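Notes for the one structure printed next.
Residue numbers (the numbering used here): 203 to 461.
Shown next as C-alpha coordinates:
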(Lines of atoms letter the chains of each structure in order from A and count residues from 1; the text may use other names and numbers.)
(Lines give C-alpha, C1' and ligand atoms only; values in the text may rest on other atoms or scores of the structure.)
Protein backbone atom coordinates (compact mmCIF):
# COMPACT_ATOMS: atom_id res chain seq x y z
CA UNK A 1 0.00 0.00 0.00
CA UNK A 2 1.43 3.40 -0.98
CA UNK A 3 1.88 6.13 1.61
CA UNK A 4 1.39 9.82 0.98
CA UNK A 5 4.70 10.64 2.65
CA UNK A 6 6.58 8.29 0.36
CA UNK A 7 5.18 10.10 -2.66
CA UNK A 8 5.96 13.59 -1.36
CA UNK A 9 2.29 14.48 -0.71
CA UNK A 10 2.66 15.25 3.00
CA UNK A 11 2.27 19.05 2.70
CA UNK A 12 -1.20 20.29 3.71
CA UNK A 13 -1.41 22.87 0.92
CA UNK A 14 -1.18 20.15 -1.73
CA UNK A 15 -4.82 19.26 -1.07
CA UNK A 16 -6.51 22.64 -1.64
CA UNK A 17 -4.25 22.95 -4.68
CA UNK A 18 -5.58 19.64 -5.98
CA UNK A 19 -9.20 20.76 -5.47
CA UNK A 20 -8.53 23.98 -7.38
CA UNK A 21 -6.72 22.17 -10.20
CA UNK A 22 -9.50 19.57 -10.26
CA UNK A 23 -12.22 22.19 -10.70
CA UNK A 24 -10.40 23.69 -13.68
CA UNK A 25 -9.71 20.26 -15.17
CA UNK A 26 -13.30 19.07 -14.66
CA UNK A 27 -14.67 22.17 -16.36
CA UNK A 28 -12.22 21.88 -19.27
CA UNK A 29 -12.82 18.14 -19.76
CA UNK A 30 -16.60 18.50 -19.76
CA UNK A 31 -16.80 21.41 -22.17
CA UNK A 32 -13.90 20.48 -24.45
CA UNK A 33 -11.21 18.02 -23.40
CA UNK A 34 -7.52 17.90 -22.61
CA UNK A 35 -7.82 18.49 -18.88
CA UNK A 36 -5.67 15.49 -18.02
CA UNK A 37 -2.84 17.25 -19.82
CA UNK A 38 -2.93 19.52 -16.75
CA UNK A 39 -3.77 17.10 -13.92
CA UNK A 40 -1.26 14.39 -14.84
CA UNK A 41 1.78 16.71 -14.86
CA UNK A 42 0.55 18.28 -11.58
CA UNK A 43 0.29 14.86 -9.88
CA UNK A 44 3.74 13.89 -11.15
CA UNK A 45 5.15 17.25 -10.02
CA UNK A 46 3.71 16.68 -6.53
CA UNK A 47 5.65 13.44 -6.22
CA UNK A 48 3.58 10.56 -7.61
CA UNK A 49 5.35 8.17 -9.99
CA UNK A 50 3.90 8.41 -13.53
CA UNK A 51 1.99 5.10 -13.41
CA UNK A 52 0.53 5.95 -9.98
CA UNK A 53 -0.38 9.47 -11.15
CA UNK A 54 -2.11 7.89 -14.16
CA UNK A 55 -4.10 5.51 -11.97
CA UNK A 56 -4.92 8.09 -9.30
CA UNK A 57 -6.17 10.55 -11.92
CA UNK A 58 -8.81 8.00 -12.97
CA UNK A 59 -10.71 8.48 -9.70
CA UNK A 60 -11.23 12.12 -10.58
CA UNK A 61 -12.11 11.26 -14.18
CA UNK A 62 -14.82 8.81 -13.05
CA UNK A 63 -16.37 11.30 -10.60
CA UNK A 64 -16.09 14.12 -13.11
CA UNK A 65 -17.94 12.24 -15.83
CA UNK A 66 -20.57 10.96 -13.41
CA UNK A 67 -21.29 14.55 -12.39
CA UNK A 68 -21.13 15.75 -15.99
CA UNK A 69 -23.59 13.07 -17.09
CA UNK A 70 -25.94 14.01 -14.24
CA UNK A 71 -25.67 17.66 -15.22
CA UNK A 72 -26.51 17.00 -18.86
CA UNK A 73 -29.35 14.67 -17.82
CA UNK A 74 -30.79 17.35 -15.55
CA UNK A 75 -31.01 19.59 -18.61
CA UNK A 76 -32.71 16.87 -20.67
CA UNK A 77 -29.71 16.05 -22.87
CA UNK A 78 -29.14 12.32 -23.45
CA UNK A 79 -28.17 10.11 -26.41
CA UNK A 80 -29.15 6.76 -24.86
CA UNK A 81 -28.82 3.98 -26.05
CA UNK A 82 -26.21 5.18 -28.58
CA UNK A 83 -23.87 6.35 -25.82
CA UNK A 84 -24.17 2.96 -24.09
CA UNK A 85 -23.12 1.03 -27.19
CA UNK A 86 -20.06 3.23 -27.63
CA UNK A 87 -19.23 3.06 -23.93
CA UNK A 88 -19.31 -0.74 -23.79
CA UNK A 89 -17.08 -0.97 -26.86
CA UNK A 90 -14.63 1.51 -25.34
CA UNK A 91 -14.69 -0.40 -22.04
CA UNK A 92 -13.11 -3.49 -23.60
CA UNK A 93 -10.45 -1.37 -25.25
CA UNK A 94 -9.75 0.47 -21.99
CA UNK A 95 -9.00 -2.76 -20.11
CA UNK A 96 -6.30 -3.55 -22.66
CA UNK A 97 -4.93 -0.01 -22.60
CA UNK A 98 -4.81 0.14 -18.80
CA UNK A 99 -2.78 -3.08 -18.59
CA UNK A 100 -0.28 -1.57 -21.03
CA UNK A 101 -0.06 1.57 -18.86
CA UNK A 102 0.49 -0.40 -15.65
CA UNK A 103 3.57 -2.13 -17.05
CA UNK A 104 5.22 0.82 -18.80
CA UNK A 105 8.35 2.45 -17.36
CA UNK A 106 8.07 5.95 -15.89
CA UNK A 107 10.56 7.54 -18.29
CA UNK A 108 8.80 6.03 -21.28
CA UNK A 109 5.42 7.20 -19.99
CA UNK A 110 6.67 10.79 -19.62
CA UNK A 111 8.04 10.82 -23.15
CA UNK A 112 4.80 9.41 -24.56
CA UNK A 113 2.81 12.03 -22.62
CA UNK A 114 4.97 14.82 -24.07
CA UNK A 115 4.50 13.51 -27.63
CA UNK A 116 0.74 13.11 -27.12
CA UNK A 117 0.44 16.67 -25.86
CA UNK A 118 2.03 17.95 -29.07
CA UNK A 119 -0.13 15.73 -31.31
CA UNK A 120 -3.37 16.71 -29.55
CA UNK A 121 -2.64 20.40 -29.90
CA UNK A 122 -1.80 19.96 -33.60
CA UNK A 123 -5.12 18.13 -34.11
CA UNK A 124 -7.20 20.79 -32.45
CA UNK A 125 -5.32 23.65 -34.15
CA UNK A 126 -5.65 22.25 -37.66
CA UNK A 127 -9.09 20.64 -37.27
CA UNK A 128 -11.66 21.38 -40.01
CA UNK A 129 -14.16 24.16 -39.40
CA UNK A 130 -17.13 22.92 -37.40
CA UNK A 131 -20.62 23.20 -38.87
CA UNK A 132 -23.30 24.42 -36.50
CA UNK A 133 -26.27 24.55 -38.86
CA UNK A 134 -28.30 21.86 -40.61
CA UNK A 135 -26.96 18.89 -38.65
CA UNK A 136 -28.90 15.63 -38.94
CA UNK A 137 -27.75 13.00 -36.47
CA UNK A 138 -26.51 9.70 -37.85
CA UNK A 139 -26.43 7.25 -34.95
CA UNK A 140 -27.93 4.08 -36.44
CA UNK A 141 -26.96 1.52 -39.09
CA UNK A 142 -23.44 1.80 -40.49
CA UNK A 143 -22.72 4.97 -38.54
CA UNK A 144 -23.43 3.11 -35.29
CA UNK A 145 -21.06 0.30 -36.28
CA UNK A 146 -18.36 2.73 -37.37
CA UNK A 147 -18.68 4.32 -33.95
CA UNK A 148 -18.52 1.00 -32.09
CA UNK A 149 -15.32 0.01 -33.92
CA UNK A 150 -13.71 3.43 -33.54
CA UNK A 151 -14.53 3.65 -29.84
CA UNK A 152 -12.88 0.32 -29.11
CA UNK A 153 -9.61 1.89 -30.25
CA UNK A 154 -10.42 5.14 -28.48
CA UNK A 155 -10.89 2.97 -25.38
CA UNK A 156 -7.41 1.48 -25.72
CA UNK A 157 -5.94 4.97 -25.70
CA UNK A 158 -8.32 6.06 -22.94
CA UNK A 159 -7.28 3.15 -20.75
CA UNK A 160 -3.62 3.83 -21.46
CA UNK A 161 -3.43 7.58 -20.72
CA UNK A 162 -6.74 9.32 -21.63
CA UNK A 163 -5.11 12.77 -21.93
CA UNK A 164 -6.57 14.77 -24.81
CA UNK A 165 -9.01 12.08 -25.92
CA UNK A 166 -11.99 14.34 -25.27
CA UNK A 167 -11.05 16.55 -28.21
CA UNK A 168 -10.90 13.56 -30.54
CA UNK A 169 -14.22 12.14 -29.32
CA UNK A 170 -15.97 15.48 -29.86
CA UNK A 171 -14.54 15.82 -33.37
CA UNK A 172 -15.52 12.24 -34.24
CA UNK A 173 -19.10 12.56 -32.99
CA UNK A 174 -19.52 15.93 -34.67
CA UNK A 175 -18.19 14.99 -38.10
CA UNK A 176 -19.07 11.29 -38.34
CA UNK A 177 -22.34 11.23 -36.38
CA UNK A 178 -23.36 14.83 -37.14
CA UNK A 179 -24.00 15.65 -33.47
CA UNK A 180 -24.22 19.17 -32.12
CA UNK A 181 -21.38 20.01 -29.75
CA UNK A 182 -23.72 19.93 -26.74
CA UNK A 183 -24.96 16.42 -27.55
CA UNK A 184 -21.44 15.28 -28.44
CA UNK A 185 -20.27 16.44 -25.02
CA UNK A 186 -23.16 14.64 -23.30
CA UNK A 187 -22.30 11.45 -25.19
CA UNK A 188 -18.62 11.83 -24.35
CA UNK A 189 -19.37 12.12 -20.63
CA UNK A 190 -21.22 8.79 -20.56
CA UNK A 191 -18.65 6.96 -22.71
CA UNK A 192 -15.69 8.18 -20.67
CA UNK A 193 -17.49 7.29 -17.43
CA UNK A 194 -18.04 3.71 -18.59
CA UNK A 195 -14.54 2.98 -19.86
CA UNK A 196 -12.86 4.88 -17.00
CA UNK A 197 -14.53 2.57 -14.47
CA UNK A 198 -12.87 -0.39 -16.19
CA UNK A 199 -9.49 1.36 -16.39
CA UNK A 200 -9.68 2.38 -12.72
CA UNK A 201 -10.37 -1.22 -11.72
CA UNK A 202 -7.20 -2.35 -13.50
CA UNK A 203 -5.10 0.32 -11.79
CA UNK A 204 -6.61 -0.50 -8.38
CA UNK A 205 -5.93 -4.22 -8.90
CA UNK A 206 -2.29 -3.39 -9.64
CA UNK A 207 -1.97 -1.04 -6.62
CA UNK A 208 -1.42 2.08 -8.74
CA UNK A 209 -3.92 4.36 -6.97
CA UNK A 210 -3.51 6.72 -4.00
CA UNK A 211 -7.11 7.10 -2.89
CA UNK A 212 -6.85 10.20 -0.71
CA UNK A 213 -5.09 12.14 -3.47
CA UNK A 214 -7.51 10.91 -6.13
CA UNK A 215 -10.62 11.67 -4.09
CA UNK A 216 -9.31 15.15 -3.25
CA UNK A 217 -8.74 15.86 -6.92
CA UNK A 218 -12.16 14.38 -7.65
CA UNK A 219 -13.89 16.94 -5.42
CA UNK A 220 -12.67 19.62 -7.79
CA UNK A 221 -13.23 17.60 -10.96
CA UNK A 222 -16.79 16.73 -10.04
CA UNK A 223 -17.68 20.30 -9.13
CA UNK A 224 -16.15 21.66 -12.33
CA UNK A 225 -17.94 19.06 -14.43
CA UNK A 226 -21.35 19.82 -12.87
CA UNK A 227 -20.96 23.53 -13.50
CA UNK A 228 -19.62 23.01 -17.03
CA UNK A 229 -22.36 20.60 -18.10
CA UNK A 230 -25.13 22.99 -17.12
CA UNK A 231 -23.38 26.09 -18.46
CA UNK A 232 -22.66 24.45 -21.82
CA UNK A 233 -26.32 23.46 -22.30
CA UNK A 234 -27.49 26.94 -21.39
CA UNK A 235 -24.92 28.69 -23.57
CA UNK A 236 -25.12 26.27 -26.51
CA UNK A 237 -22.68 25.32 -29.28
CA UNK A 238 -21.29 28.83 -29.66
CA UNK A 239 -19.94 28.76 -26.11
CA UNK A 240 -18.36 25.34 -26.61
CA UNK A 241 -16.75 26.38 -29.89
CA UNK A 242 -15.28 29.50 -28.24
CA UNK A 243 -14.03 27.43 -25.32
CA UNK A 244 -12.43 24.92 -27.68
CA UNK A 245 -10.55 27.69 -29.48
CA UNK A 246 -9.41 29.18 -26.15
CA UNK A 247 -8.15 25.78 -25.00
CA UNK A 248 -6.24 25.34 -28.27
CA UNK A 249 -4.41 28.62 -27.65
CA UNK A 250 -3.71 27.88 -23.97
CA UNK A 251 -2.44 24.35 -24.65
CA UNK A 252 -0.27 25.56 -27.54
CA UNK A 253 1.35 28.22 -25.31
CA UNK A 254 1.86 25.69 -22.51
CA UNK A 255 3.52 23.19 -24.86
CA UNK A 256 5.70 25.80 -26.55
CA UNK A 257 6.99 27.63 -23.49
CA UNK A 258 6.47 25.40 -20.44
CA UNK A 259 7.39 21.81 -21.39
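By construction, the Cβ of each residue, glycine as well, lies at the ideal position given by its N, Cα and C atoms. These figures come from a predicted structure and were not determined experimentally.
- Separation of residue 378 and residue 281 (C-alpha to C-alpha, rounded to the nearest whole angstrom) is 15 Å.
- Three or more Cβ pairs closer than 8 Å define a contact, and the region 406-413 meets that threshold against the region 247-265.
- Apart from sequence neighbours up to five positions away, the residues of its chain that approach residue 355 with a beta-carbon distance below 7 Å are 295, ordered along the chain.
- Rounded to whole angstroms, residue 387 and residue 350 show a C-alpha spacing of 17 Å.
- A residue is called buried once 16 or more other Cβ atoms fall within 10 Å of its Cβ, and residue 418 is buried on that count.
- Residue 300 and residue 343 have their C-alpha atoms some 30 Å from each other.
- Residue 361 holds the alpha-carbon nearest to the alpha-carbon of residue 402 among 361, 357, 285, 318.
- In the structure shown, residue 381 adopts coil according to DSSP, grouped into three states.
- Two segments are said to touch when three or more pairs of C-beta atoms, one from each, lie closer than 8 Å; by this definition the region 421-429 touches the region 214-229.
- Across the structure, residue 389 and residue 368 are spaced so that their CA atoms are roughly 11 Å apart.
- In the three-state DSSP reduction, residue 214 falls in the coil class, being neither helix nor strand.
- CA-to-CA, the gap between residue 284 and residue 234 works out to about 20 Å.
- Between residue 271 and residue 383, the C-beta spacing is not below 8 Å.
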